[in-house]
Amino acid sequence: MGRFRTSAPRLLMAASHLLHLATAAHGLRVALLSGSTRTSSPPTVLHPRVNAYIRNALEQRGHAVSHVDPRDLPLLERPHFAYPRGMAPARMREIHSILEDADCYVCITPEYNHSPSPALLNVLNHFGSSTFSFKPSAIGQWGGVRAGAALRTTLSELGCLPVSAMIHIPKAQEVLGPDGSIESSKEESNNDPERWRKYCGRCFSQLEWWAEATRRHREVVDPFDRSPVFIESPDQRNAP
497 MGRFRTSAPR LLMAASHLLH LATAAHGLRV ALLSGSTRTS SPPTVLHPRV
547 NAYIRNALEQ RGHAVSHVDP RDLPLLERPH FAYPRGMAPA RMREIHSILE
597 DADCYVCITP EYNHSPSPAL LNVLNHFGSS TFSFKPSAIG QWGGVRAGAA
647 LRTTLSELGC LPVSAMIHIP KAQEVLGPDG SIESSKEESN NDPERWRKYC
697 GRCFSQLEWW AEATRRHREV VDPFDRSPVF IESPDQRNAP
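If you read the sequence shown in my numbering, its first letter stands for residue 497, the second for the next number, and so on.
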């Protein structure tokens, strides 16, 4: 009986902790990186629809979403980390701040030659891995699926490991309206808003789980203590 009485408070604490973990992912800071610069048709410009749908879905789950638009960055002369501190172009510094402060990333891309869009890669490749490291990412795509598979390599190298589930919208022009909402008026089985909510929810749930876990652990342990940032040159990663 004594053992039961001493363990009951622990059980209550454990239950409270589990309840907190179940709801704590709300309020994540999500950087949403879009992957298209197109503004004219034909074919139909789809990235505003996909961006709006995913952004709205994330905000409905309680997250603060910051959009990183590749049109804000031209073809760049050199990466952010190649500039002396505080000397990078103003917009590049602003984007770096968004990326650095984020708890997780959602990258959305069309497919270009079986690869992610060059506009998205222009953003990702100009910020060092220390900006993204020790945080999770998720991939959204429309059209072909190969872009998402190829993007996994880039995100892994940047240190923001992508979650298993991806969001793929193969016929975005038929599924999403101009405002990013599901075209539920169309008589098609794939235009059921609830089915899309559950489908995307699987990806978002994985992202939330990892983002909350890494955010909590960063509060306890500085990950760069054991895996320091390269401060001299990339060959610091080389074997002896």
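Think of the CB as a built atom: it goes at the ideal place given N, C-alpha and C, for glycine as much as any other residue. The model shown is predicted, which means the values in this text are computed figures rather than measured ones.
Note on geometry: alpha-carbon atoms of residue 644 and residue 610 lie some 9 Å from one another. Within a 10 Å sphere around the beta-carbon of residue 559 sit 16 or more other beta-carbons, which makes this residue buried.
Collapsing the DSSP output to three states places residue 707 in a helix. In the structure shown, residue 641 falls within a coil segment according to DSSP collapsed to helix, strand and coil. Residues 610, 611 and 612 of the same chain have their beta carbon placed closer than 8 Å to that of residue 646, with the five preceding and five following residues left out of the count. Beta-bridge partners of residue 527 (DSSP): 562 and 601.
For residue 610, DSSP records no beta bridge to any residue. Assigned with DSSP and collapsed to three states, residue 634 falls in strand. Counting C-beta atoms within 10 angstroms of its own C-beta, residue 617 has 16 or more neighbours from the protein chains shown and is therefore classed as buried.
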